[in-house]
Amino acid sequence: MNPEDAFKLVETGRQEQIYIGRQIKNRFKKFFENPSVLDESEFRPTSERRNRDSAKAFLTGLFDENTAKNITLKEPPQNDTLLRFYRHCDKYEATVSNKSLVEYDKFIKRPEIAEVLRKVTRKLGKNSQISFNTLKLLHESCSFEYGIYGDAPWCSLLEPNDLDVLEYANDLQSFWRDSYPHKISYEQTCELTRDIWKKLSLAKSGSKQKIVGRWTHLPAINMLYTRLGLFKDEKQLLHSNYKEHLKRKWKMTLISPMSCNIAFVLLRCDTNYKVRVYHNEKTIKLEGICKEIDCDWNEIEKVFKPISDNCNFEKICKVDKNSSENLIFYSKIIIILPFLMKYLLI
1451 MNPEDAFKLV
1461 ETGRQEQIYI
1471 GRQIKNRFKK
1481 FFENPSVLDE
1491 SEFRPTSERR
1501 NRDSAKAFLT
1511 GLFDENTAKN
1521 ITLKEPPQND
1531 TLLRFYRHCD
1541 KYEATVSNKS
1551 LVEYDKFIKR
1561 PEIAEVLRKV
1571 TRKLGKNSQI
1581 SFNTLKLLHE
1591 SCSFEYGIYG
1601 DAPWCSLLEP
1611 NDLDVLEYAN
1621 DLQSFWRDSY
1631 PHKISYEQTC
1641 ELTRDIWKKL
1651 SLAKSGSKQK
1661 IVGRWTHLPA
1671 INMLYTRLGL
1681 FKDEKQLLHS
1691 NYKEHLKRKW
1701 KMTLISPMSC
1711 NIAFVLLRCD
1721 TNYKVRVYHN
1731 EKTIKLEGIC
1741 KEIDCDWNEI
1751 EKVFKPISDN
1761 CNFEKICKVD
1771 KNSSENLIFY
1781 SKIIIILPFL
1791 MKYLLI
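Letter by letter, the sequence shown follows residues 1451 to 1796 of the numbering used here.
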């Protein structure tokens, strides 16, 4: 891997985005046969170059290369509280970011990690001694190189069980940073949730806007999952219950792989409206919100409308001045490839 490619969309990622665009076009063939499908459509990525390149690649698959080149992407504001809200929420920075590694730090000191270190050290040779940080780098190199090139020599040092252990360590970090343990993690998604509700409502009212596309990053889409009640395990992920969570729902390689996506599709059945949700191109039921796969409009309204009506990002993210917790800003680049989120309105 070349260091200069770290912030670029690699060719594998570009082809994956094109493929996803084509998949959606094939799923809704009649919809895309309508010549007015692009009228007043809106596509907005974040300011990251790889994110914008992802949008263009996706639109190439959804339409064609010439059409994609002529589509103007909406520019995000400097303080992007719609798609990168986690970077602008002081309360999240103060109360979550400095606590998200507690369980992770405990887990990497456990026997499961020690056993992985022992096995890798043995494979490298008796004169080798590696730290957990080196093991982590090895695992990341294995994951990204395999995802990008389809092969990675580093992976030969890790057995399937080793990969499971290291994956759980990563899931602990994302679980405590992005999901259910802290309300602010999902409350700060209110502008994004409002955006979804607003676009669906406008489509129901007869808006000419047929497609709305949003491209964001890993923390945002994880937090949206949580806002929707998705992938919630019965017990919290802890450093001490790895074996209880071998079949956990909160598993990043399954729910948030490279180019993960979620789509909201408005369906009209006579005079009734329903909303169907797709996660990584497969239908998914919003447990706790909808009784069936296709949500009744009133079920969506009951959850989304109050969030939209009461959305005050500044108030939600305001730090209590009397709080004794320290404000620690979290600005780490989390991913190499961008993550896609799209709203399809038909």
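Cβ coordinates follow ideal geometry from the N, Cα and C atoms, glycine included.
Quick caveat: nothing in here was measured; it's all calculated off a predicted structure.
Inclusion of residue 1750 and residue 1678 in the CB contact set at 8 Å is not warranted, their separation being larger than that value.
Residue 1491 and residue 1662 have their C-alpha atoms roughly 6 Å apart. When DSSP states are grouped into helix, strand and coil, residue 1714 belongs to the strand group.
By the C-beta criterion, the region 1503 to 1520 is judged to be in contact with the region 1460 to 1477, since at least 3 inter-stretch pairs fall below 8 Å.
Here DSSP, grouped into helix, strand and coil, assigns residue 1563 to helix.
Counting along the chain, residue 1615 sits inside the alpha helix (DSSP H) bounded by residues 1610 to 1628.
Within the region 1631 to 1674, the runs of beta strand (DSSP E) at least 3 residues long that lie entirely inside it are, in chain order, 1661 to 1666.
Excluding sequence positions up to five before and after residue 1733, its CB lies within less than 8 Å of the CB of 1726, 1727 and 1743, all in the same chain and listed in chain order. Secondary structure remark: continuous alpha helix (DSSP H) runs of at least 4 residues inside the region 1679 to 1766, in chain order: 1702 to 1705, 1747 to 1759 and 1763 to 1766.
Setting aside the 5 residues that flank it on each side, residue 1607 is surrounded in the same chain by 1570 and 1573, each with a C-beta closer than 6 Å to its C-beta; the list follows chain order.
Short of 7 Å from the beta carbon of residue 1640, and not among the five residues preceding or following it, lie these beta carbons of its own chain, in chain order: 1757, 1761, 1763 and 1766. Under the Cβ criterion (8 Å, minimum of three pairs), the region 1632 to 1652 does not count as touching the region 1610 to 1621.
By DSSP's assignment, residue 1492 forms a beta bridge with 1662. In this structure the region 1666 to 1681 lies against the region 1621 to 1628, because at least three pairs of beta carbons, one per stretch, are closer than 8 Å.
Comparing C-alpha distances from residue 1596 to each of 1759, 1467, 1707 and 1468 shows the shortest one belongs to 1707.
Between the C-alpha atoms of residue 1700 and residue 1683 there is a straight-line separation of about 7 Å.
DSSP places residue 1571 within a helical segment (H, G or I) once states are collapsed to three. With respect to residue 1542, residue 1635 sits close: the two C-beta atoms are nearer than 8 Å.
Taking a 10 Å sphere around the C-beta of residue 1498, we find 16 or more other C-beta atoms and assign the residue as buried. If the five residues before and after residue 1540 are omitted, its C-beta is found closer than 8 Å to the C-beta atoms of 1767, 1768, 1769 and 1777, all from its own chain and listed in chain order.
In the assembly as shown, residue 1656 is an exposed residue. Its beta-carbon has fewer than 16 other beta-carbons within 10 Å. Contact between residue 1674 and residue 1712 holds: their C-beta atoms lie close to 7 Å from each other, under 8 Å.
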